[in-house]
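Novice: In this note's numbering, the protein residues as written are 2 to 311. For glycine and all other residues, C-beta sits at the position ideal for the given N, C-alpha and C. This one's a predicted model, so the numbers in the text were calculated from it and none came from an experiment.
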């Protein structure tokens with residue numbers, strides 16, 4: 002997991018859902034930066050260890066090397082998440098902050114650990130990894146590229162080390178303008194593809210797993226588990242272990258299937274606490290279009306006060 006105080010609302014829902022379904026699973030958070038006041042409190046409450054690694058600056062440099070000459074250099078801190086490849090876990094599941102766990106994760110771990118393949122992804126979409134054209138075609142043809150979402154994947158200790166990532170970024174630099182993603186997703190896909198890391202999908206290992214764990218789908222609940230609700234489609238009845246709000250930066254009122262976010266975020270809160278949370282998010286969502294006007298009014302008010310000497 003990767004996060005800081007900016008995504009603390011998402012993190013709290015993720016931590017609660019993880020401990021609800023897999024209470025004893027060891028977990029670590031990689032800090033996005035030093036903004037961790039609330040994050041440290043949440044990690045202590047839900048038994049999440051904050052990971053530290055002397056390689057963080059070198060991984061940030063990988064991001065800078067890739068995007069330094071572009072408007073995307075501020076994405077350098079996303080590359081810290083790559084430290085998980087030489088972290089404390091023999092087999093690990095990486096999760097972005099904007100995810101909730103919907104079922105015990107142990108069955109997924111057991112299946113992955115039995116697999117000979119060292120990298121397994123969930124959602125795939127080349128449109129969000131490489132631009133259409135020769136690079137994408139070559140990666141698919143020569144390297145079996147899957148175009149995976151880097152927000153959730155299984156892998157193993159030692160699949161990558163810092164030197165391999167530094168080798169990969171040197172190869173990626175002249176091609177980075179052909180990446181569709183401008184964070185670390187395009188780069189991690191490139192590193193897996195270019196260095197020939199054997200990869201598969203979790204749906205290959207578990208055929209009853211939903212093809213996508215993405216939030217913008219219809220779900221149905223059966224015996225306290227969540228499944229795809231798409232009658233007549235081959236995906237109907239496939240199970241979701243996660244829900245991923247990729248692309249929705251702020252959790253709350255506007256996110257698809259928000260009832261799942263509020264279910265976990267509200268566990269342990271009183272009825273009044275749950276309503277307060279929803280009202281706060283509703284207000285935050287609907288006040289957003291008015292913020293430019295409110296900013297102008299505040300500036301105008303300041304000018305008026307200065308003019309009349311208040």
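#1: Let me know the secondary structure DSSP gives residue 64 once reduced to three states.
#2: Can you find the residues in the same chain that come closer than 8 Å, C-beta to C-beta, to residue 91, ignoring five residues on each side of it along the sequence?
#3: Note down the Cα distance separating residue 255 from residue 54, rounded to an integer number of angstroms.
#4: Buried or exposed, going by whether 16 or more other CB atoms sit within 10 Å of the CB of residue 295?
#5: Which value, in whole angstroms, describes the spacing of the CA atoms of residue 3 and residue 96?
#6: What are the uninterrupted segments assigned as alpha helix (DSSP H) that are 4 or more residues long and contained completely in the segment 91-149, given in chain order?
#7: With a CB to CB cut of under 7 Å and the five nearest residues on each side skipped, what residues in its chain are close to residue 134?
#8: Could you check which residue in 284, 84 and 245 has the C-alpha nearest to that of residue 161?
#9: Leaving aside the five residues before and after residue 246 along the sequence, list all residues of the same chain whose C-beta is less than 6 Å from its C-beta, in chain order.
#10: Could you tell me the boundaries of the alpha helix (DSSP H) in which residue 22 lies?
#11: Is the beta carbon of residue 112 closer than 7 Å to that of residue 207?
#12: Let me know the alpha helix (DSSP H) ranges lying completely inside the segment 169-196, each 4 residues or longer, listed in chain order.
#13: Between residue 230 and the rest of its own chain, which residues show a CB-CB distance below 6 Å, the 5 nearest in sequence each way excluded?
#14: Measure the C-alpha to C-alpha separation of residue 140 and residue 251 and round it to an integer number of angstroms.
#15: State buried or exposed for residue 209, treating a residue as buried only when at least 16 other CB atoms are found within 10 Å of its CB.
#16: For residue 177 versus residue 67, is the C-beta spacing smaller than 7 Å?
#17: Using the three-state DSSP reduction, which class does residue 32 fall into: helix, strand or coil?
#18: With distance defined between alpha-carbon atoms, name the residue in 26, 131, 22 and 40 nearest to residue 268.
#19: By a C-beta neighbour count over all protein chains shown, 10 Å radius and 16 as the cutoff for buried, is residue 182 buried or exposed?
#20: Got a sec, what are the start and stop residues for the alpha helix (DSSP H) residue 264 sits in?
#21: So, helix, strand or coil for residue 240, using DSSP?
#22: Compare the Cα-Cα distances from residue 125 to each of 61, 201 and 138 and report the closest residue.
#23: In three-state DSSP terms, what is residue 50?
#24: So, are the CB atoms of residue 16 and residue 49 less than 7 Å apart?
#25: What is the DSSP secondary structure of residue 254, counted as helix, strand or coil?
#26: With residue 219 as the anchor, note down where its beta strand (DSSP E) starts and where it stops.
#27: For the 8 Å Cβ check, are there 3 or more pairs between the segment 104-111 and the segment 23-42?
#28: Please report the straight-line C-alpha distance between residue 32 and residue 10, rounded to a whole angstrom.
#29: In whole angstroms, give me the CA-to-CA distance for residue 175 and residue 169.
#30: Quick check on residue 88: does DSSP put it in helix, strand or coil?
Specialist: Working from what's here:
#1: Collapsing the DSSP output to three states places residue 64 in a helix.
#2: Excluding the 5 residues flanking it on each side, residue 91 has same chain C-beta neighbours closer than 8 Å at 157 and 158, in chain order.
#3: Each residue's Cα considered, the two are about 36 Å apart.
#4: Bear in mind that the predicted position of residue 295 carries a pLDDT of just 49, short of 50, making it unreliable; the figure below should be weighed with that in mind. With fewer than 16 other Cβ atoms from the protein chains shown falling within 10 Å of its own Cβ, residue 295 counts as exposed.
#5: Rounded to whole angstroms, the gap between the alpha carbons of residue 3 and residue 96 is 8 Å.
#6: Here the runs fully enclosed are 107-115 and 135-144.
#7: A distance below 7 Å between beta-carbons, with the five flanking residues on each side excluded, links residue 134 to the following residues of its chain, in chain order: 179.
#8: Among 284, 84 and 245, the Cα nearest to that of residue 161 belongs to 84.
#9: Answer for residue 246: 99, 216 and 256, listed in chain order.
#10: Per DSSP, residue 22 belongs to the alpha helix (DSSP H) from 9-22.
#11: Yes, they are a contact pair.
#12: Counting only runs of 4 or more, we get 186-195.
#13: 219, 220 and 221, listed in sequence order.
#14: C-alpha separation (whole angstroms): 33 Å.
#15: Residue 209 counts as exposed, since fewer than 16 other beta carbons sit within 10 angstroms of its beta carbon.
#16: Yes, the pair counts as a contact, with Cβ atoms nearer than the cut-off.
#17: The three-state secondary structure of residue 32, taken from DSSP, is strand.
#18: Comparing C-alpha distances from residue 268 to each of 26, 131, 22 and 40 shows the shortest one belongs to 22.
#19: Buried: at least 16 other Cβ atoms inside 10 Å.
#20: Its alpha helix (DSSP H) spans residues 259-266.
#21: In the structure shown, residue 240 sits in a strand (DSSP, three-state: E or B).
#22: With distances taken between Cα atoms, residue 125 lies closest to 201.
#23: The answer is strand: DSSP assigns residue 50 an E or B state.
#24: Yes, they are a contact pair.
#25: The three-state reading of DSSP puts residue 254 in coil, since its state is none of H, G, I, E or B.
#26: Premise fails: residue 219 is in no beta strand (DSSP E) and is neither H nor E.
#27: Contact between the segment 104-111 and the segment 23-42 is present, because at least three Cβ pairs lie under 8 Å.
#28: Distance between the alpha carbons of residue 32 and residue 10 is about 15 Å.
#29: About 11 Å.
#30: Residue 88: coil per DSSP, three-state reduction.
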